[in-house]
Every structure is written in structure tokens, then in C-alpha cells.
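Taking it in order: structure first as C-alpha cells, then the write-up.
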Amino acid sequence: MSSPTVTDQAATIRRLVQDKALIPLIEPVLAGERLSFDDGLTLIESTDLLTVGKLADLARKRRHGDDVFFNHNRHINHTNICRIKCRFCAFSRTQETHDGAYAFSHDEMVEQALEAAQLGVTEIHVVGGEHPDITYEWYIELVRRMHEAVPQIHLKMWTASEIRHLGRLGGGLSDTQVLQDLVAAGLGSMPGGGAEVFSQRVRDLVCRGKDTAEEWLEVHRRAHEVGIKTNCTMLYGHVETLEERVDHLVRLRELQDESLAKRAHHEATGELPAINTTGETGAFQCFIPLAFHPENTVFARRGWAFTAGSDDLRMVAVSRLMLDNIPNVKAYWIMISPELAQVALHFGANDVDGTVMVERIVHMAGAKTQQETQADTLVTLIRGAGRTPVERDTVYNELRRWDKQAPTGAAAR
Amino acid sequence: MSPLDLIEHSAANSGSDADRELVARELRIGRIDFLNMYPMHWALGIEPTASGVPTDVNAAIVAGEIDVACMSSIEYARHADELVLLPSMCVSAEGAVGSIFAIANTQFEDITDVWVTPQSATSVVLLQLLFRLRGIQPKVHVLDAPPAEILAAGDRRAVLLIGDDALRARGSAALAKHVFVDLGERWLAETGLPMVYAVWAVRRDAAERAPEAAAALDRLLVASVRRFAAEDDAIDQAAVRFEIDRHSAGTYFDRLHYDFGINERKGLIRFLRLASEQGQLETVPQPSFVEQTRDEDDTLPITTAGSADPEVVRSSYLTTVGSSRALDETPEDDAHIERVLELEALGRERDIDDVLNRALDGVRIDEIDAAALLQSDRLVDIGQVAHALRMERAPSDAVTFIVDRNINYTNYCLTDCGFCAFYRRPGDVQGGGYLHDADTILEKIQETVDLGGTAALMQGGHNPELDIEWYVELFQTVKRTHPTFHLHALSPPEIQHISRRSKLSVPEVLGILRDAGLDSLPGGGGEVLVDRVRRVMAPKKTKTDDWLGIMRTAQRMGLSTTATMMYGHVELLGERVLHMQGVRDVQDETQGFRSFTSWTFQPGGTPLAKVIEAGIAPYAKHLPPAPTPFTYLLTQAVSRIYIDNIANVQSSWVTQGMKVGQAALMFGANDMGSIMIEENVVSSAGTTYRASTEDFVHAITAAGFQPIQRDTLYRTVKEY
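Protein sequences appear in the order of chains L and U.
Here the first sequence is numbered in this note's numbering, starting from 1 and rising by one per residue.
Here the second sequence is numbered in this note's numbering, starting from 1001 and rising by one per residue.
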């Protein structure tokens, strides 16, 4: 069997396309050309999910072949006390005295880090509420103590919103200062949470009081300049329109262009951004579309439904196609179920996240998937999709590779 | 006297006698006289020095009156400095445990006061942790009155019941209106981990003095549990000793696990950590373990009550399905398998693009093509072609669904299918066997009609008590009250059963039932229509030619029918193709199948699942890996492409979940099936998805289609 040429592929896709509006996009996608905002809208509005998926799958394959990543990670949410009241959040408590409010101490965090280390975790992911009474020094010291305790584990900590919060706690410190202090204390990289949907209209509705899109992007811009690799996300499936989803993707893409240009400049000239303290330039590593879970939020009372499987697949596919400069797109199984995450590997995703040991935030909103799965479950899922499982570290270095084929027969069960 | 004192040690001892002598000489053992301890003591063959309720045994080991016991997790933790653990055994459950309930007269989150018995320290702590994880702190009181009275005396109250009290409360009419929260289930939902209720702890001084004896005891316990799992009548004995019915005992032991694996260890640590956060423990203990020294020849896979020695699984399976040859590989089968493998090999030679292009051109693809597609990893390409063909064969932007009810009128069955988690042997009333009477069935039909339903899917076990008269009377009664209500009833194996039971030919049976009101036949009992496979999974069930023959007869008599495939168990990939071939061939003759539905085998602790797990299915080395959602979507798409003469393909959200069930609409399906007002058969095997009309409308609309409620014959009932 010879693999089809690009022309063959275009002809096949054209033959199968149900939505004629997609036809003009086939050649550009196959040629790896950048898609416009309008193209994005065409893709996301199309009901021809399979053609969109097929295009995304080709884009994925061009970059990653058959490899699908996962990692061995653990999430710790250091506190659920939060000054903001995001309406999609089932996790936060606004007062320490509220039932169920908690805040871990340094010792407790270190203890959990040590426990994670025993389980062979390579990454700890820490985010939490924006606790009004914790000091700036507490945060920096936490990173330092965790890094000291488990230097072998990559610390992926704090969303952009929390970086801003730290700056305020520090008495008006700049993003740059905060980021540099964190890196000096042992921070490895930053997760992509808190982006929600960039549209201010949406933010006013669902997370009034949280920083703006520009602020979120600015923190990541500075992080990249300091030399921190970061992820990015979008929380979809609530009040946002399809246009606002595409707008979100385009804004991420624009920032990534900037950051990659700085990286290219560094590679060409050896010059680094002025605020850089790490000797390398950062950028977005991975985009994670996050399906909104209405349970236990105000939206559940309004009868909001979970995102449909087709919507989750569509988001993965359109993200892959629009974010041509972000290497990885993740099917986050905790949010969309392990079953659908496997299917998403054929709709543009090349990562399924990790073994994720504790995820309180999503869980309190009723994510029903089991919080802890063994690596071998993920290996089975990836293989079952006809792909090659690759364990990675946080910054996408390959740690271990499995055969694509599962052992045949009963042994595979 | 404790029920555990009645164990016949001499008959049932397992493990090595040398180990037994060593342990008996060196260690004083304690024993909690609860049902959950039974499997570990069942074939241990050592008399305990002390026994009693948990508080007694916990106290005895702490006081040094005994050296070793299985004790409650929280008590162990309070004295962890003085204790070490045996490495292989604990008592745990991943999810529902069925004997520890918070019974509340409100939602869990709204409870303000709870009454507990101090009898089980671990459960009380567990309940408090669960409250805390939900952010509530109800006041705790000591249980001093009957639960029903306490719950009646005020709002937002709960009572914690464990053990026998909990089992009894489950069936109590006085408590039936309250919310039952299974703490094990809740714990799993909160933490994703099994809950470890008890651990085997050895006093540190004893473990240091007699390490070999401790290791020997660990081995003996493993052997006892393994033996318990393997012996057919072990659960019966437990049921008799503890005076509960066999079915309850079986369910209870299905939920318990004794293997102290990595997940159990994580669950224990998580529990202790949270207990410490809560102030129940001063520090989080770091458990230390007795060093494990396994026998050289002791290489059997681990010790949960669920898995066992392959030889034991084999003999138990053969007994269950009632055929000594069900797991054999025979020369005739060898030849068949060779042909199937040849089909698969030829498939691998085919060019996928060529196959797909032919299908799109309207050229019928052959079995080798289908085998090619089933082995491909090009899910989206194959899905696209399936979807294009769906738009041709069911040319509509609508996706249909039906509001109907599954009425499984009886679960008594003689056929003993290895994959069935639903049936009970005739007469097994204790075990939950039932036969609905006409009134019950009519009531269910009335409810269905009230909910806007148009039909009932009636299927049941092959119950020897039911002859054709029973069905005739039932159908006539239904039709008298609800003349337009559609009776989609009796799969081919049931028709065959009635024909044998009433000594009538199949056409006679079908004619009589049609005249009594039977409207159409469901495609159940098809499984995989290959006799080699059927001999393994259900040796007593209708064979392929009979199944297809009954359908053919029904169709010629004007009864419309549906076709199904349940795969992913003991069949080769190529045998799925043979199944589809059989269905397509009959359809060529009759055009009598309205729809085709495929789904994956739901293992859920069925005897067949144990056979597959143990690797003793015939031709195991040729079986494909267990099916995943990818397999499901691909197989459905291939069925749409290959079976070119059946108009409707139904997705199976019940087995795949709503997300994948909905995505399946892009892979050749044009129908979401039924909202299933009642689904007993699949939910017995652990699949418990539920949906409402609203969920269906949302799912279908989100996929870009128009939702239409249809009747059984695919006529529009309501457009959304």
C-alpha cells in the first residue's frame, strides 16, 4: 500500500466533503498555509465534523507522525479560598470560614510532593484559589521548598491570573519581577489555565473581577521572554459564541508568533530579550481545550448541558487547524472522558495529558472520570487508536516509547 | 458461637502445611467475626487466639494479647508505630461496598446531623472525611434509637449503618423513601481510589521475632482467598453461615477485594492523610511491611476474589455454561480458524483507498474488503465514507430516536450464556429471580404510554414455565388496553424456546403470536453469528442458521425485525465479518431487517470475562485486543459500508456513553436508539448510563441534525 500523494488526498477529501463551504480550505490545509479568522469560523460552524477532523488529522500527522504523548503527573490545588467568584467554578470558597475551605501549608505541600516522587511522577502541577491573605514571600518560598524537596520533578505552577495576584501581594511588583523570582526559586514552567474565553463580554458574564485577556496574554508574553515555557487553554461550552472561540484561538496564535519570532532572533543572533534570566526563550508548548462542566455551578440550575461529544471533537480539530504554530493539542481526558479522548486522537490531538493524580477543581464540578488511571490504561487507549504511546516530560522530551502494536491475543487484555 | 467457627478446616485447608505449622507455633492470631473476613479465614486452617467484633480485636492486638489480626484501617493507623503490615492482604472495595450506608432524609450536601454507632471506627471517620470533602460539618451523635425514628424526628438528618444493619436497612420499607449513600461509592467518586477498610497488622515485636512466620501467614491468607474464589460452593457456605441469601452474599463478595495492590496502598494513604487533616490522627503513618517471601512455584496471578487459577476458571466456566467442550480447540475449528485468518491476511493486502472508492461508487464491497477496513487505523476516512453512504441510504438531516421501554419480563433462564450478567437459574428466587405478571407488565406499559412512549421491547430469559399460552394471553391483554401500542418482542432464541416448549414449529409459533398482537421481532441473541464462537460463549443457545432462519421466516410472514452484533469477546476479527455477511445475505433475500446495531461486550464480572482475562479462550492468541471506543466507531462505520442493504444504523449510547454514542452519528449511524425507560440486562453488567429525551435532543442538535422521535417502524412521532 503506497501512501496517497497530496493531490490524491485533496481529491479524496473533496469527494467526501459534505459541507461545500470547506472545499476552499482543503488545499491551504494540505499545503500547511495559515488559516484566517474567517476560515476558522467556517471550520467551527461546519456540521461536517469528519471533514474538519480529517483536515486536522492531516495537520497533526505532518507534525507528529503516529506519536501520542502522555506524562506521569500529579495535580495539587494548594487552596480553594479565592478572592474572585468565577461563575463556572465549583471549587472556590470566598472565605476561610466557609465550609470546606482549605489552604495547605508549606509542609503539607512538600509532603504531597514527596509522596508524588515515590510514585514516580515527573511533573507536579499546582494551581489554586487567589487567597487574599497569603503573602508574596509565601508563594516564592513554597516553590523553593518544593524544588529543594523534589529537584527531579518538574514544577509547573501558577496561571497568569495567579502571577498577577502575586504581583499585587508583593506590593505592586511587575510581572517580570514575579516571574524572575519564581524561576530563581525553582519554577519549571507555567500551566495555561485562567484564559477562559478572551472576549470581555464573556468574562463580564462568567468571571467578572478576573484579569482581562490582555493581562493574561501579557503575563505569558513576559513569561516567554524570561524564558518560561507555558501552556494555553480555552474553557468552552458556556456563554461564548463560536466567533469568540475562534477569536480566542487567533489571539493565542498571534502571541505565539511574537514569542517564536523572539526565539528565532535568539537563535540567529544569540541575543535574548532584556528580561531573560534563563538563557532560552519560552513559547506555548500545548493548547488544551477545556470542556465546561456545569454541575455544581450556577449554570447547572439553568439546565445547562455538558458539551456534546461532537462539540469536544470539533474544538480539538479546529484548535489544531488554527494553532499552526503551537506544536501540541491535548485531549484532556479528565474533562471529556477517556473514551472520547481516544477518538480525539483522530481529530487532531496528539496528547492525552497524564496520569493526573489529584484534580480537585474539575472534580468538584462533577467530572465523572476516575481521577487516577494507570499509565497502562493510557497506553492501551493510545494503542487502541492505532498510535504510538510516548511518555514525555513536561517540556516534551521523550522519556519512553512503546510499540505501536499491542501484544496480540489474551495477553493484551 | 461465631459463624466463622463452623468452617470445616480439614476439608478446605489450602497453602502449605509447613507454613501452617510455623504460623500456629509462632503467632497468636485474632479474628473479626464479620462476613468480609470469611474468605481469608475460610481455608486458613488456624484457630484464632481471640475473636469478636472489631473493637475487641483492635484492642487485643494493641494490648499485645495477640500478635496479628486483620484490623480496621483507622485503628491500625493510631498504633502504626507498634505495627507492621502483611504485604498481600487487605479488605477493600473500589466503589460501592453495599454494607456501609449513610441513610439521609435529605441530599448528602444538606445533612446537618448524623447518628453513628461507634462499632466501626473506620466507617465513622470515612463518613466525616466525605462530609469534609463536600464542605459540610454535620454534628455527630451516638445512635440511640431506631434509624427510622431518628430520621422521622427532624429534617436534614442522616444515620450511618454498617454490616448486617445496613444490609437489612436496604430492604426496609420504613427507610425506603430515604436517600442511601454508599460510602465506598462516594469515596471512589471523591478520590478515584479504592477504600481500604481493614489491613493485616502484626505487632512489630512479633514480626521481628518471627519474620518467617509472618511471611508464611501472608502466603496462607493469599491461598485461602484464592481457594475461596475458586470453589463453587464457598459463597453458598458463607451465605448459610451468615444467614443471608446467596445472591446478596455473591454480590457482597463481588464488591470486596483482598489484594493489597498499588491502588489499595494509595487509597489507604489517601484515607490516612485526610483523616490526619481532619484531626483524627496526630500524624500520617508511613506503613511498613513484612518482607514477602513467595514460594518458588507460587506464580499464579494475584489474589483478588475476582481472579483465580486458569484451571479453576476453566472448570467453573464449563460447569456454568453446561458444556464440557466449550473451551476446546477442535480439528474442525482449526480449519475454520485457518480460513478466518486467511480472510484477515487477504484483508491486510487490500488498498484501503481502493475499497473506499468502490464503496462510494456504489459497488458492493466483499468480505475481504470488510476485513481490510476492520484492520485499518484510518478511522476518520472510513467514517467519512460511512457517513456519505448513510446520507445516501437514509437521506435525511434528521437523526431519529425512540421513546420505548425495555421490559425484561423474566430473568429465569435455562440457557446459561457465559456473557450474561442478568439471568438466574429457574427457581432461584433467593438470588433475585423473577417473573413479571401481566399486571406488572401492563403497569409498565401504561407508564411508558404516559411518558410519550410508543412501544415496548420485551425480551426475557428462556423460562421453562412459560409456554405459548402465556405469551398469547399477555399480548392479547396488552392489545385490548393499548391497541396501537407496538410490541417489539421475543428475539429468535426466545421464539425457539417457545417452539420447543410448546412443541410447535417456528412458523406456527410466529403465526400464533402475530395473531395475538406481536408486531415485530428484536435482533437480540445474535451476538456473533458464527457457530464456533457461539459454542464458546453460549453453547446451549440458538445456532447461527436457526437464528437467521427464524428471522427469515418471521420476515416472510410480514413481521419486521432488526439485527444486532455484540462483539469483542471470544471472536476473531474476521468472524465479525462473517457475522455481517450472514445478516447481509438474509437481507438480500427478504429485505426484512429495519436496522443494524452493534456494540461491544460489557464484561462486568461475567463468567466469559473471567475466561478472557485468564487467557483460556480458544484460539486466544488470534483474538484482537479488547475493543476500545475506536474499535466501536470503526466497526459501526464498516457495518454501514459493508451492509449496504439495511437502511438504518443505530448507535449504542447505552454501552458507549453519551459522548461516544453521539459522536457515532458521524460514523454511519442515523439513529440514537431508545431512551430506554428501563434497561436491566446491560446495567447488570455494570453499564449504567441513563438518558432523557432532553439529552437526546441536545446531543442530536449539537451534532447538526434534526432530532425526530420515531416509532418502531421509523415513522415520525414528533419533530423537535
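Glycine is no exception: its CB is placed at the ideal position from the N, C-alpha and C atoms.
Using a cut-off of 8 Å between C-beta atoms, extract the partners of U/Gly1052 located in chain L. The premise fails here: U/Gly1052 is roughly 35 Å from chain L at the closest Cβ pair, so nothing lies under 8 Å.
Just to make sure I have the definition right: I need the residues of chain L whose C-beta is within less than 7 Å of the C-beta of U/Gln1280. Which are they? Going along chain L, no residue has its Cβ under 7 Å from U/Gln1280, so there is no contact; the nearest lies around 16 Å.
Check whether the stretch 1058 to 1077 of chain U touches the stretch 1270 to 1277 of chain U, taking contact to mean three or more Cβ pairs, one atom from each stretch, closer than 8 Å. Using a C-beta cut-off of 8 Å, the stretch 1058 to 1077 of chain U makes contact with the stretch 1270 to 1277 of chain U, since at least three inter-stretch Cβ pairs fall below that distance.
Please confirm if the stretch 1643 to 1663 of chain U is in contact with the stretch 1604 to 1616 of chain U, defined as three or more CB-CB distances below 8 Å between the two stretches. Counting Cβ pairs under 8 Å, fewer than three are found: no touch.
Alpha-carbon spacing of U/Leu1083 relative to U/Ser1224, whole angstroms: In this model, U/Leu1083 and U/Ser1224 are separated by some 23 Å (Cα to Cα).
Tell me which residues of the stretch 1614 to 1642 of chain U have at least one Cβ-Cβ distance to chain L shorter than 7 Å, keeping chain order. Listed in sequence order: Gly1615, Ala1617, Ala1620, Lys1621, His1622, Leu1623, Pro1625, Ala1626, Thr1628, Pro1629, Phe1630, Thr1631 and Leu1633.
DSSP three-state assignment for U/Ile1441, whether helix, strand or coil: Looking at U/Ile1441 - three-state DSSP - the assignment turns out to be helix.
Give every residue of the same chain whose Cβ lies closer than 6 Å to the Cβ of U/Gly1460, excluding the five residues on either side of it in the sequence, and list them in chain order. Once the five neighbours on either side are set aside, the close Cβ partners of U/Gly1460 are Asn1408, Tyr1409 and Thr1410.
U/Val1290 versus U/Gly1261: straight-line alpha-carbon distance, rounded: Whole-angstrom Cα-Cα distance: 15 Å.
Beta strand (DSSP E) segment containing L/Lys156, residue limits: It spans His154 to Met157 - the beta strand (DSSP E) in which L/Lys156 sits, taken as one unbroken run.
Apart from the five residues just before and just after U/Ser1684, which ones in its own chain have a Cβ nearer than 6 Å to its Cβ? Residue placement at U/Ser1684 cannot be trusted, given a pLDDT of 45 that sits under 50; what the coordinates show is reported in the next sentence. Only Ala1421 and Phe1422 meet the Cβ criterion.
For U/Leu1356, count neighbouring C-beta atoms within 10 Å of its own C-beta (all shown protein chains included) and say buried if the count is 16 or more, exposed if not. With a 10 Å radius around the Cβ and a threshold of 16 neighbouring Cβ atoms, U/Leu1356 comes out buried.
For U/Leu1379 versus U/Leu1634, is the C-beta spacing smaller than 7 Å? Closer than 7 Å, so yes.
Could you list the residues in the stretch 115 to 147 of chain L with a C-beta less than 9 Å from some C-beta on chain U, going in chain order? Among the residues of the stretch 115 to 147 of chain L, those with a Cβ less than 9 Å away from any Cβ of chain U are Glu115 and Leu119, in the order of the chain.
Touch test, the stretch 1185 to 1203 of chain U against the stretch 1122 to 1131 of chain U, Cβ-Cβ under 8 Å, three pairs minimum: Counting Cβ pairs under 8 Å, three or more are found: they touch.
Just mark L/Asp403 as buried or exposed, buried being the case when its beta carbon has 16 or more other beta carbons within 10 Å. Classification of L/Asp403: exposed, given that the 10 Å Cβ count is below 16.
Segment limits, alpha helix (DSSP H) that includes U/Phe1271: If you look at U/Phe1271, you'll find it in the alpha helix (DSSP H) that goes Ile1262 to Glu1277.
Top-ranked residue by Cα proximity to L/Leu118, from L/Leu323, L/Ile134 and L/Ile153: Residue 118 of chain L is actually Gln in this sequence, not Leu. Closest by alpha carbon: L/Ile153.
Helix, strand or coil: how does DSSP classify U/Asn983 here? Since the first residue shown for chain U is 1001 and the last is 1720, residue 983 of chain U is missing from the structure and cannot be characterised.
Per DSSP, cross-strand counterpart(s) of L/Glu391: DSSP output for L/Glu391 lists L/Phe70 and L/Arg400 as bridge partner(s).
L/Glu225 to L/Ile336, Cα distance in whole Å? Going by the C-alpha atoms only, they are around 33 Å apart.
Please name the residues in the stretch 322 to 344 of chain L whose beta-carbon is closer than 8 Å to at least one beta-carbon of chain U, in chain order. Per Cβ criterion, the list reads Ile336, Ser337, Glu339, Leu340, Gln342 and Val343.
In chain order, what residues of the stretch 213 to 233 of chain L put their CB closer than 9 Å to some CB of chain U? Within the stretch 213 to 233 of chain L, no residue has a Cβ that lies closer than 9 Å to any Cβ of chain U.
Answer yes or no: does any C-beta atom of chain U fall closer than 7 Å to that of L/Thr388? No, L/Thr388 does not count as interfacial toward chain U.
DSSP state of U/Ala1613 mapped onto helix, strand, coil: Here residue 1613 of chain U is Glu; the residue named in the question, Ala, does not match the sequence. If DSSP states are grouped into helix, strand and coil, U/Glu1613 belongs with the helices.
Could you give the distance in angstroms between the alpha-carbon of L/Glu214 and the alpha-carbon of L/Ala113? The alpha-carbon of L/Glu214 is positioned some 33 Å away from that of L/Ala113.
Spatial neighbours of U/Thr1481 within its chain, please: CB distance less than 7 Å, with the 5 preceding and 5 following residues excluded, ordered by chain position. Cβ contact annotation for U/Thr1481 (same chain, cutoff 7 Å, sequence separation greater than five): Leu1442, in chain order.
Proximity test, L/Ile163 beta-carbon vs the ligand ADP heavy atom, cut-off 6 Å: Ligands in the displayed structure: none, and consequently the ligand ADP is not present.
Could you name the residues of the same chain whose beta carbon sits closer than 8 Å to that of U/Thr1319, not counting the 5 residues immediately before and after it, in chain order? Contacts found: Asp1232.
Under a three-way DSSP split, which group does U/Pro1629 fall into? In this structure, U/Pro1629 counts as helix in the three-state DSSP scheme.
Residue range of the beta strand (DSSP E) that includes U/Leu1559: In the DSSP annotation of this structure, U/Leu1559 is not part of any beta strand (DSSP E), being labelled neither H nor E.
Less than 7 Å between C-beta atoms, sequence neighbours within five positions excluded: which residues of the same chain meet that for U/Asp1019? Contacts found: Ala1216, Arg1219 and Leu1220.
Taking 7 Å as the threshold (beta carbon to beta carbon), is U/Leu1379 in contact with chain L? U/Leu1379 counts as touching chain L.
With DSSP collapsed to three states, give me the class of U/Pro1331. Helix, per DSSP.
Can you find a CB in chain L that lies within less than 7 Å of the CB of U/Val1660? Cβ-Cβ to chain L under 7 Å: yes for U/Val1660.
U/Val1363, buried or exposed, once every other Cβ within 10 Å from all chains shown has been counted against 16: The residue is exposed, with fewer than 16 neighbouring Cβ atoms inside 10 Å.
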